[in-house]
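Here's the structure, in structure tokens; my notes come after.
4 protein chains.
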Amino acid sequence: MYQIGGEVSFMARKRVRELGLVIGSGTPGPRNAISDVPGVKVGHTTLIEGEGKLVPGAGPIRTGVTAILPHGGNLYDEPVGAAAHVINGFGKATGLAQVAELGVLEAPILITSTLNVGLVWDAAVQYLIDQNPEAAISSPTPNPVVLECHDGFLNDAQGRHVRQQHVLSSIEKCSTKVVEGCVGAGTGMTAYGYKSGIGTASRRLAKKHGAHTVGCLVVLNCGRRGDLIMGGIPVGKLLKDPQTDRMCPRGEDGSIIVILGTDAPLSSRQLGRLARRAVVGIGRTGSVVSHGSGDFVVAFSTVPRISRQKRIFTTRDQLPDKLLTPLFAAVAEATEEAILNALCMAESMEGRDGNLAEAIPIDRLRHLIERFK
Amino acid sequence: MYQIGGEVSFMARKRVRELGLVIGSGTPGPRNAISDVPGVKVGHTTLIEGEGKLVPGAGPIRTGVTAILPHGGNLYDEPVGAAAHVINGFGKATGLAQVAELGVLEAPILITSTLNVGLVWDAAVQYLIDQNPEAAISSPTPNPVVLECHDGFLNDAQGRHVRQQHVLSSIEKCSTKVVEGCVGAGTGMTAYGYKSGIGTASRRLAKKHGAHTVGCLVVLNCGRRGDLIMGGIPVGKLLKDPQTDRMCPRGEDGSIIVILGTDAPLSSRQLGRLARRAVVGIGRTGSVVSHGSGDFVVAFSTVPRISRQKRIFTTRDQLPDKLLTPLFAAVAEATEEAILNALCMAESMEGRDGNLAEAIPIDRLRHLIERFK
Amino acid sequence: MYQIGGEVSFMARKRVRELGLVIGSGTPGPRNAISDVPGVKVGHTTLIEGEGKLVPGAGPIRTGVTAILPHGGNLYDEPVGAAAHVINGFGKATGLAQVAELGVLEAPILITSTLNVGLVWDAAVQYLIDQNPEAAISSPTPNPVVLECHDGFLNDAQGRHVRQQHVLSSIEKCSTKVVEGCVGAGTGMTAYGYKSGIGTASRRLAKKHGAHTVGCLVVLNCGRRGDLIMGGIPVGKLLKDPQTDRMCPRGEDGSIIVILGTDAPLSSRQLGRLARRAVVGIGRTGSVVSHGSGDFVVAFSTVPRISRQKRIFTTRDQLPDKLLTPLFAAVAEATEEAILNALCMAESMEGRDGNLAEAIPIDRLRHLIERFK
Amino acid sequence: MYQIGGEVSFMARKRVRELGLVIGSGTPGPRNAISDVPGVKVGHTTLIEGEGKLVPGAGPIRTGVTAILPHGGNLYDEPVGAAAHVINGFGKATGLAQVAELGVLEAPILITSTLNVGLVWDAAVQYLIDQNPEAAISSPTPNPVVLECHDGFLNDAQGRHVRQQHVLSSIEKCSTKVVEGCVGAGTGMTAYGYKSGIGTASRRLAKKHGAHTVGCLVVLNCGRRGDLIMGGIPVGKLLKDPQTDRMCPRGEDGSIIVILGTDAPLSSRQLGRLARRAVVGIGRTGSVVSHGSGDFVVAFSTVPRISRQKRIFTTRDQLPDKLLTPLFAAVAEATEEAILNALCMAESMEGRDGNLAEAIPIDRLRHLIERFK
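Residue numbers (my numbering), protein chains in the order written: chain Y, -4 to 368; chain G, -4 to 368; chain U, -4 to 368; chain W, -4 to 368.
Below you can see the structure in the form of structure tokens.
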């Protein structure tokens, strides 16, 4: 496993809330993670290997896979209600047309780096047919959902180093403890001119609003340094960190993947409404959803499960639309906080050709936050 | 014309930039208004009449019409490239399906209060056939574009008091001087728990980015008081103004209409990409795009004009997509600033049943802004 | 009431099935009409006045309004699930963004000629607030759904002759007996080079498929004469009727409005899937959905009703998606047959400037049909 | 290579036009193929191996890959304008979100069987980075477009037998001679209860309409036997071929992939309008776009090419929208004829577990066609 030297890696990373910055007015769940939604689990496989000059196909490797399971059962057999939303379509996500048409998710959500999409898709098929030997023989073809961000600044992207076992392993390792930072699909990510990665957060609604939970997980790979805003503070401008081409891509481009889970009993139409609110949280962190961004959202509800046999929603439980606004607020806040966590929890990393993605400096960030209190 | 007493109305309103708050890092055009886009003009008809108890159909009246002209010529004859985007579809905007299909706008953009949509649409037809006697006889039917927000907290909405001459007058009065606040379609608006109305702003791109202008005009009618954010400052929480049911609708619902104009030579696909960035600016002011919002965006480019005879884009001038990000940033900033201007420029107003929409207190706002500098 | 002379008007019109042409393999309901869906009613107001030269604003008048009621109750209070689909957006339909966002229809569906959309929208508001005095005061603004086709070949379109009482009257006259041909919104329609108007048809599913009914009503205004296909027979080519400019618009342009009702318990997502199948029926009659067509579909389900108080779907009966294909087939067949009925039931009509829209010749059509048996 | 015995395989297959059936009134190009669009080429790799009982992972194999090249150059470097349309989203097509966002196609179009999508996507990446070593390092990630239909009735779908060299070979073999029937992605297809495969057709517009060519290629995998219509003749009902479960899937489900190419200089918005007309042709052959169909359309224009450096449309030749209708008619006709060719050119094939997909009987079909002349 790769280690970058001394000082930087020992600087303990903190979640943004631990730094004293409170996002919005909602209450996080106990883990402040997407796994606060009962049944939801997350797992990562992280691939870090080699250093130095890029040799396409050989390395260095800074990539991975992240899996999100809406529930612990057989998703092909018991899909969950789902919706997808494309904020900016410069991306290679797969499976979303079927999610939109049928309103269900029937596979683990897998996230990886861009050029690995094909191999991860293929591994997902293997996982699904292993679990459901009748699939694509006497039962419909399964629909893998694979999303991606590009990690070519640090990683040998052309090498496509993710293998089937890495995908299966990310699913097996799924747990309610969500690791953030430079893990899984977050391994090679950079954002707002700093090292980035996986971030998560959640909101639990007040009892009067139904006590539902909304959880968010992001793979963060977008934004320019000068644009970064944290809880209203123009951090990107105030940190005034000089940046060179070798220190994070200057590019305004990049992407963000947003996964939203909830136990609110919502139809796919309603989940689509939730998905369309993620951009509110994104915008608040400073992004303008640049031209080159592949910004995709998948939202799912774990209640009710849908049986493949019947594919019937027991819709008695569906929430009236007029109760959705608190859920929309939860989406905006959880997305904003998950993004900030992705930055604050990521450690500095050196990648191909000595490219260096520096972690956002926690101490100076803490000072800034205190100043604005 | 209606006047509310003494103190409040004398408090001079200021644009947010005059209060010392700078939104983003872009440079506004000379007027910091949508009319910085060459050729674009705006006109209002404001209807304020009566006080006291609501008598549906009789008053009191607090409503109006706002017209935006992309150019001073005959729009039916020389349409402009255009796109529309629905952020949240709880609204009654008309004409957008045709804009999406054909990529052109061929009528003045008209904005009014919700229940007036039909009458304003009809008046727009009269305007268009007066100008183009062949329309709908030997030439295609014209496509009025009418957008709306609901003003029922202050206005006798059921009365539908906008008449044909009010619409024609709003078009005639169009000028490059854009009046903000409680005028035109902004007359009866409330937002973030305060009186609201029309706001506008613009950004002029650096020469290296093409020196194009992006202008924005909003009719602002959304958001809860506690949610208001101005340039990152959680104003809504910090002002701590008590609010009763009679003082602005508590409701989280409402709407926003965003009109974007530019002289960048963009295709309708590219204008759609611009339109989809308005939500970034909206989100930054605190809205989560609530369930009841009718949030619609129309974006147009004044270059090139398209001849109805030929309907040919002289596409040599079209911008490459990779140059769009600075335009996206301009959209986000101009939308955010236009929203804040709509609040800061609106005066307090009493409407039906003594409902009182208070203006946001400029002096305390200025103090807050200074504190956060 | 207008009469065109002698021979033509005495030729009895027949529905296409009475002519011996059976469309598809499904079974129609007892009326072979949209009113076979329990609760659905249709009403028309027909305006025919004057002859001779067009005097814009004065006449001649050949227009009308058609109303479709999904149920006999208060739709604002008890909306029905609904979806909309735009096949080609060169049209001025209103209210569809809100139908798409919320998945409900809360007003009668009204269809009229293009330039009347504003006035009909306004009349719909009057109807809705008369029935619901709290609407737009203490309760949300109602969402009229108005669709249109252009009747300028026969009618003084610029005159906009539809008044509020015509709209209210079309609603009052709603009944389960659906009149076809040159009535209501169909009055001034032409299609496939012949006189056209209103058409309707239905399909009742087999018991094993749920015994649900799908009904369709069209306002038909599209297609070139040579393109007309009836039940596979290239009627347009075989009839070889010479056509001059004064005899029906040659134009390939025009529109079609398709209204689909069903008592199958479907979600708005599923209704959207039904709506997207209407084009199959349209295509089979020969149309290629020309550039100038405003082709819009609205689909609704009468089961379950949704209470505005709760906006909760109260059923657990929602159909699994895998049972939808027979409903899709029913949509395709009912749409195809409704289109053919609109042609076969329309009588010849002379309109402005002596423009003459001839009915399709029933006797020769019958011979053609027999020849192909 | 697999051979099924005697009689059947010797029955010469004919294109539908050779059988005396003329579809529509348009004129085909010289090859009546998508390659009539200058520069467009098609190549197939066909995999047929083994017989008998299905052993998942081992065979029998009845699958393949089809490649379509819009031009012979480097597509990543010189993309073509493009649009995509989802008729029914029960499918796994990849790359379409980016096509929609950016309006360009920058990779060969690849079609395969469903579960091979991941491996083919990965092979496409290899092809693109071999050709463009800077891709995903110093230049954006390439966007493979892979579409699919399911061939599980005949093929060991779970085995995913397509390898990288098969994909590369399908691209290398691209030529203007388009082979139809059981080749490439068409190898394992069945439709309308018969063996199906690849079909193609084209239309050349009259000089007065611009003399542009529209070409279509389909992979046909949908429809029930009883529903088949050929040029208006209800062939599916009239052939009365008994069908058992072992003889073609009874299922109403399946899919169709439609690729449209043209040399008309169209914007991506306009290509989207073309793509949305393919369903007219599909519907005319009897399909109702069943629930389980993954029906996707990709349309591209070879004029003008777009340089990646500039991404600027360099022409002022873009067609006015009002000239599009003849292109729409060409799309409908070419799609219909390509579908019929896919059936008429496919030979009978036995696949896994002895499943037998019979070719449509050419002789009896010819008799039927003659009878209806």
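In this text, a Cβ means the ideal position worked out from N, Cα and C, and glycines have one as well.
(request) Determine the extent of the alpha helix (DSSP H) in which Gly267 (chain G) is found, giving its start and end residues. (result) Ser263 to Ala270
(request) Would you decide whether Arg366 (chain G) is buried or exposed? Buried here means 16 or more other CB atoms lie within 10 Å of its CB. (result) exposed
(message) Strictly under 8 Å for the Cβ-Cβ distance: is Ser285 (chain G) near chain Y by that measure?
(response) yes
(message) Just checking: is the beta-carbon of His145 (chain W) within a distance shorter than 8 Å of some beta-carbon in chain Y?
(response) yes
(request) Since I believe Ala333 (chain G) is in contact with Gly194 (chain G) (beta carbons under 8 Å), could you give me their beta-carbon distance rounded to a whole number of angstroms? (result) 4 Å
(message) DSSP three-state label for Cys339 (chain Y), please.
(response) helix
(request) Just tell me which of Y:Thr136, Y:Leu319 and Y:Asn216 has its CA closest to the CA of Thr257 (chain Y). (result) Y:Leu319
(message) Counting only C-beta atoms, is Phe85 (chain U) closer than 8 Å to chain G at any point?
(response) yes
(request) With DSSP collapsed to three states, give me the class of Tyr122 (chain U). (result) helix
(message) Short of 6 Å in beta carbon distance, which residues of its chain neighbour Asn83 (chain Y), apart from the five on each side in sequence? Order them along the chain.
(response) Val284, Ser288 and Asp290
(message) Counting only C-beta atoms, is Val120 (chain Y) closer than 8 Å to chain W at any point?
(response) yes
(request) Determine which residues of the region 79 to 106 of chain U have a Cβ less than 8 Å from any Cβ of chain Y, and write them out in chain order. (result) Glu96, Leu97 and Gly98
(request) Please decide whether Leu163 (chain U) counts as near chain G, where near means a Cβ-Cβ distance under 8 Å. (result) no
(message) In the DSSP output, what is Arg228 (chain Y) paired with across the bridge?
(response) Here residue 228 (chain Y) turns out to be Ile, not Arg, going by the sequence shown. DSSP output for Ile228 (chain Y) lists Y:Met225 as bridge partner(s).
(request) Starting from Ala78 (chain G), follow the beta strand (DSSP E) in both directions and report where the run begins and ends. (result) Val75 to Gly84
(request) Compute the distance between the beta-carbons of Thr136 (chain U) and Thr41 (chain U), then report whether it is under 8 Å. (result) no
(message) Quick check: is the beta carbon of Pro55 (chain G) nearer than 8 Å to any beta carbon in chain U?
(response) no
(request) Report the residue ranges of all alpha helix (DSSP H) runs contained in full by the region 95 to 179 of chain U; include only those spanning at least 4 residues, in chain order. (result) 112 to 126 and 159 to 167
(request) With DSSP as the reference, label Glu345 (chain G) as helix, strand or coil. (result) strand
(request) Give the range of the alpha helix (DSSP H) segment to which His399 (chain Y) is assigned. (result) Outside the displayed range of chain Y (-4 to 368) lies residue 399 (chain Y), so it cannot be described from this structure.
(message) Taking its Cβ as the centre, do 16 or more other Cβ atoms sit within 10 Å of Ala7 (chain Y), making it buried, or is it exposed?
(response) exposed
(message) Strictly under 8 Å for the Cβ-Cβ distance: is Ala152 (chain U) near chain G by that measure?
(response) yes
(request) Under the assumption that Glu129 (chain U) contacts Thr107 (chain U) (Cβ atoms under 8 Å), give the Cβ distance between them as a whole number of angstroms. (result) Not really, about 27 Å apart at Cβ, beyond 8 Å.
(message) For Pro274 (chain G) and Arg272 (chain Y), what's the separation of their Cα atoms in angstroms?
(response) In the sequence on display, residue 274 (chain G) carries Val and not Pro. Going from the Cα of Val274 (chain G) to the Cα of Arg272 (chain Y) covers about 9 Å.
(request) Give a yes or no on whether the C-beta atoms belonging to Gly249 (chain W) and Gly281 (chain W) are separated by under 8 Å. (result) no
(request) From the DSSP output, in three-state form, read off Gly181 (chain U) for me. (result) helix
(message) Under 8 Å, Cβ to Cβ, is there at least one residue of chain Y near Asp258 (chain U)?
(response) no
(message) Can you check whether the C-beta of Thr310 (chain Y) is within less than 8 Å of a C-beta belonging to chain G?
(response) Unreliable placement is indicated for Thr310 (chain Y), whose pLDDT of 43 sits below 50; the coordinate value is still reported in the next sentence. Cβ-Cβ to chain G under 8 Å: no for Thr310 (chain Y).
(message) I'd like to know if Pro137 (chain W) contacts chain U, where contact means its C-beta is closer than 8 Å to some C-beta of that chain.
(response) no
(message) Here's the rule I'm using: 16 or more other beta-carbon atoms within 10 Å means buried, otherwise exposed. How should His362 (chain U) be labelled?
(response) exposed
(request) Could you tell me which residues DSSP puts in a beta bridge with Val298 (chain U)? (result) Beta-bridge pairing links Val298 (chain U) to no other residue.
(message) Less than 6 Å between C-beta atoms, sequence neighbours within five positions excluded: which residues of the same chain meet that for Thr310 (chain W)?
(response) With a pLDDT of 41 at Thr310 (chain W), under the threshold of 50, the modelled position of this residue cannot be trusted; read the value that follows with caution. Around Thr310 (chain W): Pro260 and Pro299.
(message) Just verifying my parser: in three-state terms, what is the DSSP assignment at His39 (chain U)?
(response) strand
(request) Report all residues from its chain with a CB closer than 6 Å to the CB of Ala341 (chain Y); omit the five preceding and five following residues, and keep chain order. (result) Gly176, Cys177, Lys190, Ser191, Gly192 and Ala354
(message) I want to see whether chain G comes within less than 8 Å of Phe291 (chain Y), judged by CB atoms only; does it?
(response) no
(message) So the candidates are W:Ala152, W:Leu97 and W:Asn336; which of them puts its Cα closest to the Cα of Arg10 (chain W)?
(response) W:Asn336
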